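To convert, count from 1 in the sequence shown and add 136; that's my numbering.
We put the beta carbon where it would ideally sit given N, CA and C, even for glycine.
All values derive from a computational prediction rather than experimental measurement.
Everything on this sheet refers to the single structure shown next.
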Amino acid sequence: MESKMDSDEEFYDCLSDGKVVNVVECCIPVKYCAIASPQGKGFGEVFLDLKKAQEKWKQLKGARMRVFDDYACAQQFANTPVKNKTEQTIYPPSPKADVESTPYSSVTQPVLLKFRALIEKGDVDGMRQMVAENPMTLVRLRYNALHVAAAAGVADAVDFLLSRLNSTTFWKQIYPGSDDQTTIERQKHVTDLYLNSPELGNLETPLHFACKFGHLNCVRLLTCHPLTQLDVLNRTGQKPVELTCFRMSGRAHTDSQSNPDPVSRATILTQSIRRLFDQ
Numbered sequence: 137m138e139s140k141m142d143s144d145e146e147f148y149d150c151l152s153d154g155k156v157v158n159v160v161e162c163c164i165p166v167k168y169c170a171i172a173s174p175q176g177k178g179f180g181e182v183f184l185d186l187k188k189a190q191e192k193w194k195q196l197k198g199a200r201m202r203v204f205d206d207y208a209c210a211q212q213f214a215n216t217p218v219k220n221k222t223e224q225t226i227y228p229p230s231p232k233a234d235v236e237s238t239p240y241s242s243v244t245q246p247v248l249l250k251f252r253a254l255i256e257k258g259d260v261d262g263m264r265q266m267v268a269e270n271p272m273t274l275v276r277l278r279y280n281a282l283h284v285a286a287a288a289g290v291a292d293a294v295d296f297l298l299s300r301l302n303s304t305t306f307w308k309q310i311y312p313g314s315d316d317q318t319t320i321e322r323q324k325h326v327t328d329l330y331l332n333s334p335e336l337g338n339l340e341t342p343l344h345f346a347c348k349f350g351h352l353n354c355v356r357l358l359t360c361h362p363l364t365q366l367d368v369l370n371r372t373g374q375k376p377v378e379l380t381c382f383r384m385s386g387r388a389h390t391d392s393q394s395n396p397d398p399v400s401r402a403t404i405l406t407q408s409i410r411r412l413f414d415q
């Protein structure tokens with residue numbers, strides 16, 4: 137009794153020497169087993185014995201085997217070489233990416249954590265030393281260094297970070313092979329990312345952080361930068377100015393403010409911060 141499976145649809149592929157994959161065991165009477173050889177590796181053959189056909193098929197990497205009821209069809213299949221996959225594509229191979237090299241090594245996670253701790257402590261001298269030893273420390277820091285400095289209220293750290301990001305000399309140091317135009321474009325692009333990219337939690341920028349914690353000097357440095365976007369919305373649709381002093385603690389950097397009353401201090405800070413957005 138004939139199997140319901142159409143014998144014309146039985147394919148066997150030999151993808152590696154001596155290794156059989158996707159072999160369908162068939163129980164139907166074998167008539168003509170055609171072996172199509174890979175292009176450039178001889179001619180195909182037609183067998184009446186399935187075992188002999190499989191032996192031949194296993195010997196030829198990239199060969200294909202197919203079972204036919206009709207000898208003419210089997211012979212036609214065997215006489216058609218299997219094209220190499222690389223020759224089947226109509227597209228040329230993609231060129232390798234032209235990645236600019238830098239003389240500085242990548243930065244490990246422990247080093248990044250150390251750099252973050254220096255930012256939070258306001259140790260600008262330590263930050264300056266680490267960036268001088270390897271500028272990639274600043275470039276590779278994730279959870280934006282400006283976010284860390286703005287949240288901690290360390291205006292000196294914000295000022296130092298911006299001074300490096302704004303410096304074309306800094307970027308030329310990292311990528312000495314870049315021309316002047318590329319260096320300027322890179323400086324603007326990365327600085328824009330530092331100033332305006334949201335963190336993953338509440339989608340807030342460094343300016344959101346500085347405003348909601350009431351860090352006046354940090355807000356002043358960020359708002360006066362020409363690339364800072366003042367109206368970026370966070371996850372709840374709020375602009376930085378709308379969060380002013382929302383999470384201000386008693387340790388907020390009040391700079392010249394000496395009023396001991398937290399409520400009065402928050403009111404004064406709120407007014408001062410909002411004036412910066414109107415300038």
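Limits of the unbroken beta strand (DSSP E) element including residue i
i	result
Glu172	Note that residue 172 is Ala in the sequence shown here, rather than Glu. Tyr168 to Ala172 is the span of the beta strand (DSSP E), which, as asked, contains Ala172.
Arg322	Not the beta strand (DSSP E): Arg322 falls in the alpha helix (DSSP H), residues Asp316 to Asn332.
Asp378	The question names Asp, but residue 378 is Glu in the sequence shown. It is not in any beta strand (DSSP E) - Glu378 carries neither H nor E in the DSSP assignment.
Met201	Arg200 to Phe204
Val182	Glu181 to Phe183
Buried or exposed by the 16-neighbour rule on C-beta atoms within 10 Å, applied to residue i
i	result
Met141	Bear in mind that the predicted position of Met141 carries a pLDDT of just 42, short of 50, making it too unreliable to give a figure here.
Cys360	exposed
Ser173	buried
Gly337	exposed
Asp408	Note on identity: in this sequence residue 408 is Ser, with Asp being the wrong assignment. Buried: at least 16 other Cβ atoms inside 10 Å.
Ala253	exposed
His283	buried
Arg200	buried
Phe179	exposed
Arg401	buried
Ala268	exposed
Pro376	buried
Thr104	What the structure shows of the chain is the stretch from 137 to 415, and residue 104 is not part of that stretch, so it cannot be assessed.
Leu184	exposed
Pro171	Before going on, a small fix: residue 171 reads as Ile here, not Pro. It is buried - the Cβ of Ile171 has at least 16 other Cβ atoms within 10 Å.
Leu249	exposed
Leu88	Nothing about residue 88 can be reported from this structure: the residues present for the chain run from 137 to 415 only.
Gln175	exposed
Phe251	buried
Residue span of the alpha helix (DSSP H) that contains residue i, given as start and end
i	result
Phe296	Ala291 to Leu301
Phe213	Tyr207 to Ala214
Met266	Val260 to Glu269
Glu191	Leu186 to Gln195
Pro246	Gln245 to Lys257
Gln309	Thr304 to Ile310
Leu343	Pro342 to Lys348
Thr238	Counting along the chain, Thr238 falls outside any alpha helix (DSSP H), and DSSP gives it neither H nor E.
Leu274	Met272 to Val275
Val355	Leu352 to Thr359
Val284	Ala281 to Ala288
Cβ distance (whole Å) where residue i is taken to contact residue j below 8 angstroms
i	j	result
Thr341	Pro334	6 angstroms
Gln323	Thr304	5 angstroms
Val243	Thr216	Incorrect: roughly 56 angstroms between the Cβ atoms, too far for contact.
Val182	Ala208	Not a contact, Cβ separation roughly 10 angstroms.
Leu405	Cys381	6 angstroms
Leu369	Cys347	Contact doesn't hold; Cβ gap of about 13 angstroms is too wide.
Arg371	Leu339	4 angstroms
Leu196	Lys219	With a Cβ gap of about 14 angstroms, Leu196 and Lys219 do not count as contacting.
Residue from the options with nearest C-alpha to residue i
i	options	result
Arg410	Gly373, Thr319, His344 and Thr305	His344
Ile110	Pro376, Phe296, Pro271 and Asp414	Not covered by the structure: residue 110. The range shown for the chain is 137 to 415.
Gly258	Leu297, Ser237 and Pro246	Leu297
Gly313	Phe213, Gln415, Ser237 and Leu405	Ser237
Leu358	Val182, Ser299 and Phe382	Ser299
Arg356	Val203, Arg371 and Asp292	Asp292
Asp206	Gln190, Cys169 and Tyr240	Cys169
Lys187	Gln175, Lys197 and Val203	Val203
Ile320	Arg264, Asn332, Leu331 and Asn302	Asn302
Ala210	Gln195, Lys219, Ala189 and Leu196	Ala189
Leu366	Arg383, Gln415, Thr403 and Ile255	Gln415
Phe306	Asn280, Arg264 and Gln374	Arg264
Pro362	Val247, Met384 and His325	His325
Ser241	Glu191, Gly198, Gln212 and Val275	Val275
Ile255	Arg383, Ala281 and Gln245	Ala281
Pro239	Lys308, Gly198, Met384 and Thr403	Lys308
Pro246	Met266, Trp193 and Gly373	Met266
Quiz item: With contact counted as at least three CB pairs below 8 angstroms, one residue from each stretch, are the segment 281-296 and the segment 348-368 in contact?
Solution: yes
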